[in-house]
Ligand code: XUL
Ligand code: CO
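Residue numbers (our numbering): 13 to 451.
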């Protein structure tokens with residue numbers, strides 16, 4: 013193990029009574045919960061871009077943290093990042109990681125040179141994975157930061173830029189496959205528009221779908237068996253991102269016949285930017301059979317942008333893990349911390365404090381969610397609220413037996429139906445939730 017964090021040892025589980033800031037209070041990696049060790053239920057991943065590369069720059073100032081890891085030029089920094097990342101993962105008991113191609117290796121003057129550097133780092137990562145047993149959760153291509161992508165990548169008005177993007181993504185998929193990743197993410201960084209005065213929206217979306225079909229066919233042809241994910245986000249960087257939210261993405265996937273190969277990577281902060289709760293997005297994905305993976309973070313209620321804070325909200329984590337359990341748990345997906353310490357939290361220890369906070373929050377979320385399911389009161393309430401669909405006219409509608417004339421006859425005979433309603437009991441249910449969580 014490299015020694016970038018020599019003053020910090022292995023982070024251990026000490027339980028909720030511990031006041032040691034460098035210990036887990038809830039995340040006990042090998043403790044069994046619902047038949048599996050916690051680490052397998054949660055499948056935590058380190059995000060390479062934030063943790064290894066995010067120095068804290070914002071629109072008003074440069075970075076505050078050193079993320080060169082002792083390297084001096086782009087390639088030596090990229091190599092040092094591998095050592096630092098694997099040390100972090102080992103010390104924090106994180107089993108997975110996720111990257112954009114340009115997070116792990118530098119962008120060079122030509123695509124051929126960038127590919128060469130990427131190959132070099134992928135070989136080093138493969139070696140580190142072999143040594144440590146760590147795995148790649150998913151890979152993706154950074155098709156949004158270089159100026160060539162100012163008008164989009166897969167939705168660029170320029171066919172030349174589009175070809176560059178296809179080639180870059182093809183290479184990122186190959187690298188994902190080489191590292192045994194079972195996920196490949198499309199987040200439409202600049203796939204959207206600022207004004208319709210200059211935009212052919214229909215052509216842009218048709219082209220994006222063409223790109224996705226090409227990539228899926230190619231990936232399957234080289235033996236990729238994992239999932240493809242789209243990560244919805246409603247705005248930022250463009251004013252209107254095409255992949256606005258889960259429902260919008262599902263319509264896109266179905267229109268273009270991509271729904272068999274794609275699932276969702278749901279990010280908490282993107283959900284709230286779309287004016288949805290995190291749980292809403294997860295539920296839409298689950299109900300439509302496209303729940304895949306999660307970018308764990310949280311936004312700030314008072315800010316209108318993607319703040320990517322480490323998640324500490326227990327309610328959100330609990331309701332998230334409830335949805336994950338109901339979806340049958342993670343298969344190829346996991347919980348990737350698309351989160352960064354605040355700009356003022358600039359020391360190496362802050363990386364540990366941040367991950368410990370996020371991981372403990374989700375571990376507690378998992379523990380709470382298991383309790384909600386075992387308690388059964390909330391599920392039972394919902395079941396009973398819809399009991400009228402289990403027998404009589406409700407059951408006949410669901411089975412298709414009742415036709416419109418039968419329903420009309422039923423309604424006419426029934427008269428006023430006010431007395432068939434029961435209270436929604438929101439406050440009663442919120443109190444039950446508190447009771448379960450804080451018992
Ligand atoms: C940006 C974002 C990305 C994706 C991967 O808001 O969430 O980092 O997770 O491209
Ligand atoms: Co994300």
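In this text, a Cβ means the ideal position worked out from N, Cα and C, and glycines have one as well.
If the five residues before and after residue 118 are omitted, its C-beta is found closer than 7 Å to the C-beta atoms of 86, 87, 90, 129, all from its own chain and listed in chain order. With a cutoff of 9 Å on beta-carbon distance, residue 294 and residue 316 are scored as not near each other.
Look at the beta carbons and you see the region 177-185 not touching the region 133-146: under three pairs across the two are nearer than 8 Å. The straight-line gap separating the alpha-carbon atoms of residue 18 and residue 172 is approximately 48 Å. With a threshold of 16 other beta carbon atoms within 10 Å, residue 415 falls short and is exposed. Taking 8 Å as the upper bound for CB-CB distance, residue 384 and residue 448 are in contact here, some 6 Å apart. Of the candidates 288, 310, 387, the residue whose Cα lies closest to the Cα of residue 334 is 387.
Residue 245 carries a coil assignment under DSSP once its states are collapsed to helix, strand and coil.
The DSSP assignment places 171-190, 213-233 as complete runs of the alpha helix (DSSP H) inside the region 168-241, in order along the chain (cut-off: 4 residues).
The continuous alpha helix (DSSP H) containing residue 285 extends over residues 280-285.
In the pairwise beta carbon analysis, the region 303-316 is classified as not touching the region 155-162: fewer than three pairs are separated by under 8 Å. With contact defined as three or more Cβ pairs closer than 8 Å, the region 401-417 and the region 350-369 are not in contact.
Between residue 264 and residue 217 a beta carbon distance of about 7 Å is seen, short of the 8 Å cut, so the two are scored as contacting. By alpha-carbon distance to residue 351, the top candidate from 53, 344, 364, 342 is 364.
With a cutoff of 8 Å, residue 107 does not count as near the ligand CO, since its C-beta is closer than that to no heavy atom of the ligand. Distances taken from the Cβ of residue 158 to the heavy atoms of the ligand XUL include none shorter than 8 Å. The three-state secondary structure of residue 306, taken from DSSP, is strand. When beta bridges are read from the DSSP output, residue 349 appears opposite 58. As the crow flies, the alpha-carbon of residue 344 is around 32 Å from that of residue 446. Here residue 401 is exposed. Its C-beta has fewer than 16 other C-beta atoms within 10 Å. The Cβ atoms of residue 60 and residue 97 lie closer than 9 Å to each other. One alpha carbon belongs to residue 242, the other to residue 420, and they sit about 43 Å apart.
Relative to the non-hydrogen atoms of the ligand CO, the Cβ of residue 111 never comes closer than 8 Å to any of them. Nearest in C-alpha terms to residue 39, of all of 73, 79, 77, 105, is 105. Spatial neighbours of residue 389 in its own chain (CB-CB distance under 7 Å, excluding positions within 5 residues in sequence) are listed in chain order as 444. Within 8 Å of the C-beta of residue 282 there is at least one heavy atom belonging to the ligand XUL. Looking at 71, 391, 268, 282, the one whose alpha-carbon comes closest to that of residue 337 is 391. Proximity annotation: the ligand CO has residues 279, 307, 350 in chain order, each selected because its CB is closer than 5 Å to a heavy atom of the ligand.
Per DSSP, the beta bridge partners of residue 277 are 305. Take the alpha-carbon of residue 37 and the one of residue 247: they are about 36 Å apart. Inside the region 334-381, DSSP marks whole beta strand (DSSP E) runs of 3 or more residues at positions 347-349, from first to last along the chain. CA-CA distance, residue 318 to residue 250, rounds to 13 Å. Between residue 339 and residue 72, the alpha-carbon positions lie close to 42 Å from each other. As the crow flies, the alpha-carbon of residue 23 is around 12 Å from that of residue 361. The shortest C-alpha to C-alpha distance from residue 374 to any of 54, 43, 25 is the one to 54.
In the same chain as residue 176, and ignoring 5 residues on each side of it, the C-beta atoms closer than 7 Å to its own belong to 123, 160, in chain order.
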